[in-house]
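Student: Reminder that position 44 of the sequence shown reads as 74 in the numbering used here, one-by-one numbering, no gaps.
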Amino acid sequence: MQKLLLTGFEPFLDYTVNPTMKIVEVLDGKTIGNYQVVGKIMPVDFNLSGEFLLKLIEEENPDAVISLGLAAGRYKITPERIALNVKDGDVDNEGNKPVDEPIRQEGEAAYMSTLPVRKMVDHLLTNGLPAEISNTAGAYLCNNVMYEGLHYAKHNKPSLKTGFIHIPASHELAIQHGRIPSWSHEDLVKGIQICIEVLEEA
Numbered sequence: 031m032q033k034l035l036l037t038g039f040e041p042f043l044d045y046t047v048n049p050t051m052k053i054v055e056v057l058d059g060k061t062i063g064n065y066q067v068v069g070k071i072m073p074v075d076f077n078l079s080g081e082f083l084l085k086l087i088e089e090e091n092p093d094a095v096i097s098l099g100l101a102a103g104r105y106k107i108t109p110e111r112i113a114l115n116v117k118d119g120d121v122d123n124e125g126n127k128p129v130d131e132p133i134r135q136e137g138e139a140a141y142m143s144t145l146p147v148r149k150m151v152d153h154l155l156t157n158g159l160p161a162e163i164s165n166t167a168g169a170y171l172c173n174n175v176m177y178e179g180l181h182y183a184k185h186n187k188p189s190l191k192t193g194f195i196h197i198p199a200s201h202e203l204a205i206q207h208g209r210i211p212s213w214s215h216e217d218l219v220k221g222i223q224i225c226i227e228v229l230e231e232a
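#1: Quick one: any contact between the stretch 207-215 and the stretch 109-128, if contact means 3 or more CB pairs under 8 Å?
#2: Measure the alpha-carbon distance for Q223 versus I53 and round it to whole angstroms.
#3: Just checking my contact of V74 with F39 at CB under 8 Å: how many whole Å lie between their CB atoms?
#4: Kindly indicate which three-state DSSP category M72 falls into: helix, strand or coil?
#5: Taking 8 Å as the threshold, find out whether the stretch 183-191 comes into contact with the stretch 119-136 through three or more Cβ pairs.
#6: Please report the straight-line C-alpha distance between T108 and L154, rounded to a whole angstrom.
#7: Given S214, which residues of its chain have a CB within under 7 Å of its CB, disregarding the five upstream and five downstream residues?
#8: With a threshold of 8 Å, establish whether the CB of G137 neighbours any heavy atom of the ligand FAD.
#9: Can you tell me whether DSSP reads R148 as helix, strand or coil?
#10: Checking contacts by CB at 9 Å: is I96 closer than that to chain D?
#11: Please list, in chain order, all residues of the same chain as N64 whose beta carbon is under 7 Å from its beta carbon, the five residues on each side excluded.
#12: Could you tell me which uninterrupted beta strand (DSSP E) segments, each at least 3 residues in length, are contained entirely in the stretch 176-222, listed from first to last along the chain?
#13: Can you name, in chain order, every residue of its own chain whose Cβ lies under 6 Å from the Cβ of K191, other than the five neighbours on each side?
#14: Confirm, please, whether the CB-CB distance from L100 to I197 is below 9 Å.
#15: Got a sec? Which residues, its chain only, sit under 7 Å from V56 by beta carbon, not counting five neighbours each side?
#16: Since L241 and T37 should fall inside the 8 Å C-beta cutoff, what is the C-beta to C-beta distance between them, to a whole number of angstroms?
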């Protein structure tokens, strides 16, 4: 049995709920394929999120890491292909708002996901769930966490599969905000389960 570290984020900006939290809470402790899922919630804090993730990796020693983030406005599940070495985005929950700052001064300009993103998309589509590969994780906390995980893996544990998946808003969020695509909680959970199942084929 292998171990998967699955992370989501706490609520942020004007999103009073974060569907990634609910997905992580549902799947925590579950066995999916050959993976035992360990679910954890990340702080929306530029100064702490990367350190928090690396601490979890050290403590849990997972075989794979999938981090989840909300992409309100997208109507597909979008595994991310690339993480950039830059912090630049909206204010985080602690009031930090970096502009054009590197995540790691000594880091590569970018890292490619080591998750099987193409297979994830193919399996989601086969199961009737809209999906596509995304070539930008932005420069907010999602990109930040993805980059930190890949940087750690390259320098400390090359066998570690790690990357990021953005999900659409939940119906609950759409009711609050209006005019954004949304999925049911059940379909969001199903989509992430499918992505986890694909890890065995990678």
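Glycine included, every Cβ here is placed at the ideal spot set by N, Cα and C.
Tutor: Reading off the structure:
#1: no
#2: 10 Å
#3: 6 Å
#4: strand
#5: no
#6: 10 Å
#7: H201
#8: With respect to the ligand FAD, the structure shown offers nothing to examine, as it has no ligands at all.
#9: helix
#10: Going by chain labels, chain D is absent from the structure shown, which holds only one protein chain.
#11: M31, Q32 and E230
#12: 191-197
#13: For K191, the CB contacts under 6 Å within the same chain, skipping 5 residues up- and downstream, are A94, T144 and L145 in chain order.
#14: yes
#15: Contacts found: V219.
#16: As shown, the chain starts at 31 and ends at 232. That puts residue 241 outside it, with no answer to give.
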